[in-house]
Every structure is written in structure tokens, then in C-alpha cells.
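The block underneath contains the structure these notes are about, expressed in C-alpha cells.
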Amino acid sequence: MLKLLTDIAFLCAGLLLLTALFWACTYERNRWRAAFEADFTTKLGKLGIEGHELVVDNVTLPTPHRAADVYRILHDLKGNYFLYIKNGYAEGALKPLTSERALQAAKMSGYPCKGPQV
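Listed below in C-alpha cells is the structure:
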């Protein structure tokens, strides 16, 4: 009987540890995503972009074995194109592109295009 209770206690402790690790990983990913979206919105505001449509959008969330990565090409309401890149916890960069470079970058990125074709 004592062995059974000991086994159950170890099982419960293991499940509790796995649940805590899963929660910590999910919490960190959600925190990173919120910080990334805030950085992206701030960068758009600094360049005076009020509305946009994503042409290419690739967001890789962080895991213990892989760094986070963001690659976006967007089109604003005035017809201008921009490239947004962010890697890990570094600050993101938003740079203007010509329509020709945006088309070339969208084709060469290997990511699926969504929104209007450049």
C-alpha cells in the first residue's frame, strides 16, 4: 500500500512539473508575441502608416530550440511597400521598399503571399 502511494505521489509530481514547464513556455511565447506586436505598431506609427495590408507574413514563435523570427512585407493605403524584420529579442526594423523590390522579395522569400500581389 505504501509503495502504491509513493508511486502515485511521484506520478503527480511529474505531471505537475510537466504542466509548469508547458505553462512557462506558453507564457513566454505569448509575452514575446505581445512585445513584437507592440514594436510593429510603434514602427508603423513612426512612419505615419495608418492602414496596411500584409503581402508576406511569416512569424516563427520562439521555442527552447529555435529563435523567434518575423518577416513581413506590407503595403500601405498610399501604395508604398515596406519590409519588417525582427529576430529573437532584438528590435525590429521597418524599411521602405520600391514596388519592384517588394515583388522580388515576395517571390524570393519562399513564404506564401497573401493580400494583393505586388
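Residue numbers are given in our numbering: position 91 of the sequence shown equals residue 291, and the series is strictly consecutive.
Backbone N, C-alpha and C fix where the C-beta goes; we use that ideal spot for every residue, glycine too.
Predicted model only: the values in this text are computed from it and were never measured.
Original post:
What are the boundary residues of the beta strand (DSSP E) that includes ALA293?
Top reply: 293 to 297
Original post:
Is there a Cβ from chain B that is less than 8 Å from the Cβ of TRP223?
Top reply: No chain B appears in this structure, which consists of one protein chain only.
Original post:
How should LYS307 be labelled, buried or exposed, when 16 other C-beta atoms within 10 angstroms of its C-beta is the threshold for buried?
Top reply: exposed
Original post:
If you run the structure through DSSP and keep just helix, strand and coil, what is GLU250?
Top reply: coil
Original post:
If you run the structure through DSSP and keep just helix, strand and coil, what is TYR289?
Top reply: coil
Original post:
Under the DSSP definition of a beta bridge, which residues are partnered with HIS275?
Top reply: DSSP lists GLU253 and TYR281 as partners of HIS275.
Original post:
When we look at the beta-carbon of ARG266 and count the other beta-carbons within 10 Å, is it buried (16 or more) or exposed?
Top reply: exposed
Original post:
Between HIS252 and the rest of its own chain, which residues show a CB-CB distance below 6 Å, the 5 nearest in sequence each way excluded?
Top reply: LEU274 and ASP276
Original post:
Exposed or buried, ALA295, counting other C-beta atoms within 10 Å across all chains shown (16 or more means buried)?
Top reply: Before going on, a small fix: residue 295 reads as Lys here, not Ala. Exposed: under 16 other Cβ atoms inside 10 Å.
Subject >> the region 241 to 261 touching the region 213 to 222, judged by at least three CB pairs closer than 8 Å >> reply: no
Original post:
CA-CA distance, ASN230 and LEU254?
Top reply: 21 Å
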